[in-house]
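Residues 1 to 1198 (full-length UniProt numbering) are what the sequence shown spells out, left to right.
Positions of the beta carbon are idealized from the N, C-alpha and C atoms, including for glycine.
These numbers were taken from a predicted model, which means no experiment stands behind them.
Everything on this sheet refers to the single structure shown next.
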Amino acid sequence: MTIHVLHAGDGYLYLLRSVARHDDHHAGDRSLAEYYTATGQPPGRWSGSLAAQLEFDGVVTEEQMRALFGEGLHPNAGAIRQALIAAGATAEEADAAVRLGRRFPAYGTGPLRSKIAQFYREQERRLGRLLTDDEKLEIRQSVVAEEFVRRTGRRPIDPIELADLDAPTARHAVAGYDLVFTPVKSVSVLWGLGSARTRREIYEAHRAAVADCLDWLERNAAYTRAGSQGQAQIDTTGVIAAVFDHWDSRAGDPDLHTHVAVSNKVVGSDGKWRSLDGRALFAAAVSLSERYNTRIEDELRQRLGVQFEERDDLGADRRPVREIVGIPADLIGQFSKRRQNIEQQYRSLLADYRAAHGREPTDPARLQLYQQATLSERPDKQLGRSLQQMVQTWIVEARPLLGVDDIAAHLEQAALRRGAPSPQAALPEIADEVVRVLSATRSTWNVHHIRAEAHRQSRSIATPDRDALVEQIVNTVTDPTRAIRIDTPRLVEEPVPLQRRDGESVFIEHASTRFTTTEILDAEERILAAARRGHAQRIDVGAVQKSITHSAAAGRELNAGQQRLVRAFCLSGKAVQLGLAPAGAGKTTALRAVANAWTSTGHLVLALAPSAAAADVLAHELGVQTDTVAKFDHDQDEIPYRAMILVDEAGMTGTLMLDRLVQRARDAGAVVRLVGDDRQLGAVEAGGVIRQLAYDVGAIRMEQVVRFADPADAQATLLVREGQVAALDFYLSRQRVTAGATETIPDAAYQGWLADVRAGRDSLLLAPSSTEVSALNARARADLVLAGRVAVDGVALRDGNVAGVGDHVATRRNERLLTVHGGRDWVKNGDSWLVERVLEDGALTVAHRRHRGRVTLSAEYVHAHVELDYARTIRRSQGLTVDRAHLIVDPTMVREDLYVGLSRARQSTQLYVEVLSDRGPDHQPDVAGSAAEVLQSIIRRTGSELSALQTIREAIASTDDLHRTALEYEHALGMQTGDRYRESAERIRPGLTGDPAWPSVVHRLHVAEANGWDAETALRTAERMRDWTDARSDAQIMAHRLDVLIGHHDHEARDAPVPSWLAASSPRGLQAPWDEYLPRRYGEMADRITTLVAGAEATAPSWLGEIGHGKARGTALREVVAYRAVWNVNTNDPLGAEPRQQTQQHSAWTSASRAVRASHNAEQPSGTERLQAALALEPAPLDVDAMAAECRGSTRHI
1 MTIHVLHAGD
11 GYLYLLRSVA
21 RHDDHHAGDR
31 SLAEYYTATG
41 QPPGRWSGSL
51 AAQLEFDGVV
61 TEEQMRALFG
71 EGLHPNAGAI
81 RQALIAAGAT
91 AEEADAAVRL
101 GRRFPAYGTG
111 PLRSKIAQFY
121 REQERRLGRL
131 LTDDEKLEIR
141 QSVVAEEFVR
151 RTGRRPIDPI
161 ELADLDAPTA
171 RHAVAGYDLV
181 FTPVKSVSVL
191 WGLGSARTRR
201 EIYEAHRAAV
211 ADCLDWLERN
221 AAYTRAGSQG
231 QAQIDTTGVI
241 AAVFDHWDSR
251 AGDPDLHTHV
261 AVSNKVVGSD
271 GKWRSLDGRA
281 LFAAAVSLSE
291 RYNTRIEDEL
301 RQRLGVQFEE
311 RDDLGADRRP
321 VREIVGIPAD
331 LIGQFSKRRQ
341 NIEQQYRSLL
351 ADYRAAHGRE
361 PTDPARLQLY
371 QQATLSERPD
381 KQLGRSLQQM
391 VQTWIVEARP
401 LLGVDDIAAH
411 LEQAALRRGA
421 PSPQAALPEI
431 ADEVVRVLSA
441 TRSTWNVHHI
451 RAEAHRQSRS
461 IATPDRDALV
471 EQIVNTVTDP
481 TRAIRIDTPR
491 LVEEPVPLQR
501 RDGESVFIEH
511 ASTRFTTTEI
521 LDAEERILAA
531 ARRGHAQRID
541 VGAVQKSITH
551 SAAAGRELNA
561 GQQRLVRAFC
571 LSGKAVQLGL
581 APAGAGKTTA
591 LRAVANAWTS
601 TGHLVLALAP
611 SAAAADVLAH
621 ELGVQTDTVA
631 KFDHDQDEIP
641 YRAMILVDEA
651 GMTGTLMLDR
661 LVQRARDAGA
671 VVRLVGDDRQ
681 LGAVEAGGVI
691 RQLAYDVGAI
701 RMEQVVRFAD
711 PADAQATLLV
721 REGQVAALDF
731 YLSRQRVTAG
741 ATETIPDAAY
751 QGWLADVRAG
761 RDSLLLAPSS
771 TEVSALNARA
781 RADLVLAGRV
791 AVDGVALRDG
801 NVAGVGDHVA
811 TRRNERLLTV
821 HGGRDWVKNG
831 DSWLVERVLE
841 DGALTVAHRR
851 HRGRVTLSAE
861 YVHAHVELDY
871 ARTIRRSQGL
881 TVDRAHLIVD
891 PTMVREDLYV
901 GLSRARQSTQ
911 LYVEVLSDRG
921 PDHQPDVAGS
931 AAEVLQSIIR
941 RTGSELSALQ
951 TIREAIASTD
961 DLHRTALEYE
971 HALGMQTGDR
981 YRESAERIRP
991 GLTGDPAWPS
1001 VVHRLHVAEA
1011 NGWDAETALR
1021 TAERMRDWTD
1031 ARSDAQIMAH
1041 RLDVLIGHHD
1051 HEARDAPVPS
1061 WLAASSPRGL
1071 QAPWDEYLPR
1081 RYGEMADRIT
1091 TLVAGAEATA
1101 PSWLGEIGHG
1111 KARGTALREV
1121 VAYRAVWNVN
1131 TNDPLGAEPR
1141 QQTQQHSAWT
1151 SASRAVRASH
1161 NAEQPSGTER
1171 LQAALALEPA
1181 PLDVDAMAAE
1191 CRGSTRHI
């Protein structure tokens, strides 16, 4: 199951474009047989509890989709609006009745509209006629491009950058989510080739599984957010979903799948229309996906008696897939076409040639056939075909492979009614396996991870109550005897009004609780303890200095950072020492000096690397014995006394494995030296301990980057490493960025790489995923064949590509028995080879591309563990250095991916950014943003894993988060108030509560009531203070006037323990449960501020000297420490730079600034003086857009 965002506007149209047209409004209830002869796909059908509550069902129409997903209206908005107007309602009243909550937000302000209009008028006057649409387009593009250059100093990279200047756009507004449910390929193959009865049963099983998942989603993942900044996650009454069944893939293969378009519009438990919390939905995706996989198996076992088995032909780096027993793997492969399968096209043409000519083609004829296959376009998804036509086509394709006429009977005999016994549930053993798998891959996990793994481990067990079994496993796994629960402590329990229906606080995100094991925590503690332990082995300082001098004499002079690393590793006497180095810092040169110094004293250095290929490179560069971390851990070789275990790319070593290594070294009297970069890609196992080690114990840091030819290039990569978006200025200004669609970007990157290769440059082609790498490899081979550098014929590899004589291939599994280079080397995972000969049985004779050693790889090994080696994934490239690189950038990448990709090349790295992403079957490309926006998002998003210890620390530290506490307190105040403020405001000034700045008014009313005001009286008084003429935002004006009013009558706020801009004190006369809850939460904030003040006075930071010693010193200290904590100020002056005006932060800054100034006065200003000062600050023109954005809050962005 996959999830894609649906954007407002026309983002829904792709779901409708291949739907079969029917006159019957209830066609969605038709059976599969009724659609068998109809062209196109079945129409959508409405589903979901909220759809039932709104009383609409049946077929999904384009008008309904446009209303709901395009405009955020009731699906039947047109008919409802028409009926209301006919009954006497005004157009405004009718519009309000059909709108489901707020309008979809439109982003962008269109500041150039007036300038463009002026150009239109001037040109029309000059021509003496009206402009055509093409002429207007040309003028608009010219004006916008000119403005873009003026603002940025560079030409635009893509049209999306110009769109933000041209006009407001709703391209980022989320209208819903497209959940695509697809069974494993063997299910689709049996569905497409089986009998009518089998097809029907599989279809019904699939629909039942999808319906079950949607029901589970509504109960476990459909939440919304309430509060001024979405601080409360509350229940919903369900979702509205449009469900579309599709029959085939884009390549025309059998591919039964269902799109469930879930609307972003939901009703919260408070009865208000709100937006679906996308974070909860995405977090639940792994559970939802595995639930579907389990349900479809359960349904098919019950309906058809099929059995499933794991097939691990995807390679050792991917989990096995469970396919139907009896469906041949070759048949599954036949119907798993890639979008551009050049080799398959070629084989088909070759078969046609043999049939037509009765002989094998000559070499020139083979080349011609290959050219034809290369030039043929990918077959688009066949529109307008009936399911009957599709089935007939699939049968024709399958016959040559199976060699039988009755395909359905053949497959059903092999697959149906097998009746294999089901294993019995052994709950403790299953739970132990779930824990083992989870702890092997991550340091902490949540309940969605547990539930997903519970489905995987129990799927083969037949049970009458699947949910009960899975939840039993989940409960067993999370039992304190197996797992340690990591929660954010709650000092005060939320009352029932602040709980979701499961009893959990609305301030705790669903499924945010993390779990770990004692084993992982103990391992982390032991590693940290070893790093603190001194009195371990060290060598003579003279040997170290001699090695440094020898390095300089050999032309490898060490810089200051490299020398620090050498001395620390050899002289610190630490049992474990960590060295951190950014990419290109000359780490290998420093390690060579370390190895030379240590071995010169007669002691062993053993260097360990994450892969065999990397270990081979280390052996070549350091001249010491090397191995992989995994093999060294597995073999448990004896470690000599006083040896140094040097672990390269230590961040890629899992915590448990690293712990075992440290303990073995300690027992042997050896030392461990870890070197790597905590900002690059981490371990695929439970990790995060390297960053913890650096934070808790410290590390030797090499900060000077020496790899790059251009120092500006080095600086840019360091900025990316630190998460600074300013790095983009370098890449954008140097024309290093190309933008495009998913379909075009790989070609652009490939062409750039190919030009380098043809020019004889050392160039690297990088992609985020193995799928993209496989497609790029196929493209590279095709061009090499056409150029005559690679043989046309070859053998099939593990990724579906073909390798022939002249191809570059990579081996992907270690085979130590296959020795090469006179026994000095062996076949390793990651080695690169040149194919010299293709044997008749499918074996390959290959030569190592570095040392030219030859070996013959068996046909079985080739098919399972060899792939083409022209492009590489980013992860496989970590540790490589080349002259130039071409990096494909996917919007889903994280900072560590980008940093590794950017830091491989000495001379330049070109970025190819996918700004239009196309991720799934039938999915309309989504606009991810401009290239600059996509890169900014990636740089800000980290994928690094926290250690279990750090996760616990952050959970505890969040208890002291003053801003979070204030937001929760504010929401609780609002719940206590109910609709009283809203009703009063609408009586006094209609429309005020619809203003985006209304939350600011609510905050002031809380403060007013805390100071003895009646809310309605305060509103009426403020409303009469001045004229409202030309007010751009009534709510902002009202908020300011309330500030003035409260300030004039405020007799207690000056001495309040919490600044009023942060939180109002609890109202008097509260009823249960608020009478106890609210004062205690207010007390939390007061206690935290008191602690911060005490800490500041104890440590005397430099900013403290700017606080006066007058009577207002206490108030100033409280204001300043609260401001610094809430807004993360770390400057040496009390408050830092003045923030943007007319924002919540600026209001706080202003209040704190006054308090600081007042602290220097011997006397407090009088109330009259404060009133005069406040009235002088009546605002000028107001920035409504800025306030609206702030009121929405960061939690609303997905």
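Checklist entry - Any idea what DSSP makes of Val-706, helix, strand or coil? => result coil
Item to check | Leu-718 - containing alpha helix (DSSP H), residue span | outcome: 711 to 721
Next on the checklist: Between which two residues does the alpha helix (DSSP H) holding Lys-185 run?
Outcome noted: 185 to 193
Item to check | Distance, Leu-1135 Cα to Gly-1059 Cα | outcome: Inspection of the sequence shows that residue 1059 is occupied by Pro rather than by Gly. Computed Cα separation, rounded: 15 angstroms.
Checklist entry - With 16 other CB atoms within 10 Å as the buried threshold, where does His-7 fall? => result buried
Checklist entry - Three-state secondary structure (DSSP) at Met-1? => result coil
Checklist entry - Straight-line CA distance for Cys-570 to Val-435? => result 39 angstroms
Checklist entry - Tyr-641 by DSSP, collapsed to three states: which one? => result coil
Checklist entry - Going by the beta-carbon positions, is the gap between Leu-580 and Arg-701 smaller than 7 angstroms? => result yes
Checklist entry - What are the boundary residues of the beta strand (DSSP E) that includes Phe-69? => result Segment: none, Phe-69 is in no beta strand (DSSP E) and carries neither H nor E.
Checklist entry - What is the DSSP secondary structure of Leu-839, reduced to helix, strand or coil? => result For Leu-839, the three-state secondary structure derived from DSSP is coil.
Item to check | Euclidean distance between Cα positions of Ala-1072 and Gly-974 | outcome: 15 angstroms
Item to check | Contact between the region 472 to 487 and the region 243 to 255 (3+ Cβ pairs under 8 angstroms) | outcome: Judged by Cβ distances under 8 angstroms, the region 472 to 487 makes no contact with the region 243 to 255, as fewer than three pairs qualify.
Checklist entry - Would a C-beta distance cut-off of 7 angstroms place Ser-186 and Glu-290 closer than the cut-off? => result no
Checklist entry - Can you tell me whether DSSP reads Ile-157 as helix, strand or coil? => result coil
Checklist entry - Around the Cβ of His-1197, are there at least 16 other Cβ atoms within 10 angstroms (buried) or fewer (exposed)? => result Per-residue confidence for His-1197 stands at a pLDDT of 23, beneath the threshold of 50, marking its modelled position as unreliable; the derived number appears in the next sentence. Counting Cβ neighbours within 10 Å, His-1197 comes out exposed, since fewer than 16 surround it.
Checklist entry - Out of curiosity, what's the CA-to-CA distance linking Arg-485 and Gly-688? => result 18 angstroms
Checklist entry - Would you report the Cα separation of Ile-3 and Ser-269, rounded to the nearest angstrom? => result 25 angstroms
Checklist entry - Below 7 angstroms between beta carbons: does that hold for Arg-875 and Gly-723? => result no
Item to check | Per DSSP, the bridge partner or partners of Tyr-750 | outcome: Under the DSSP definition of a beta bridge, Tyr-750 lacks any partner.
Checklist entry - Shortest alpha-carbon distance to Leu-1019 belongs to which of Ser-1033, Val-1002 and Ala-1010? => result The option with the nearest alpha carbon to Leu-1019 is Val-1002.
Item to check | Between the CA atoms of Asp-178 and Val-5 - distance to the nearest angstrom | outcome: 6 angstroms
Next on the checklist: Taking 6 angstroms as the cut-off, is the beta-carbon of Gln-636 closer than that to any non-hydrogen atom of the ligand SAM?
Outcome noted: Inclusion of the ligand SAM in the displayed structure is not the case, the ligand content being empty and no account of it being possible.
Item to check | Continuous alpha helix (DSSP H) assignments of at least 4 residues falling wholly in the region 853 to 907 | outcome: Entirely contained in the region 853 to 907, the alpha helix (DSSP H) runs reaching 4 residues are, in chain order, 859 to 865, 874 to 877 and 895 to 902.
Checklist entry - Exposed or buried, which one is Gln-1142 when buried takes at least 16 other CB atoms within 10 Å? => result buried
Checklist entry - Helix, strand or coil for Ile-939 per DSSP? => result helix
Checklist entry - For Trp-1013, which three-state DSSP category applies? => result It is coil, neither helix nor strand.
Item to check | Residue range of the unbroken alpha helix (DSSP H) whose run includes Gln-302 | outcome: Residues 285 to 304.
Next on the checklist: Which residue wins for smallest C-alpha separation from Leu-656, given the options Gly-534, Lys-546, Thr-744 and Leu-528?
Outcome noted: Leu-528
Next on the checklist: Can you check which of these residues, Leu-674, Val-672, Asp-659 and Gly-651, is closest to Gln-680 by C-alpha distance?
Outcome noted: Gly-651
Checklist entry - Is it true that the CB of Leu-50 sits closer than 7 angstroms to the CB of Ile-240? => result yes
Checklist entry - Shortest alpha-carbon distance to Met-65 belongs to which of Ala-52, Gln-82 and Trp-46? => result Closest by C-alpha distance to Met-65, out of Ala-52, Gln-82 and Trp-46, is Trp-46.
Item to check | Unbroken stretches of the alpha helix (DSSP H), 4 residues or longer, contained in the region 51 to 102 | outcome: 62 to 65, 77 to 86 and 91 to 98
Checklist entry - How long is the line joining the alpha carbons of Leu-857 and Pro-156, rounded to whole angstroms? => result 50 angstroms
Checklist entry - Going by DSSP, what residues sit across from Arg-673 in a beta bridge? => result Gln-577 and Leu-646
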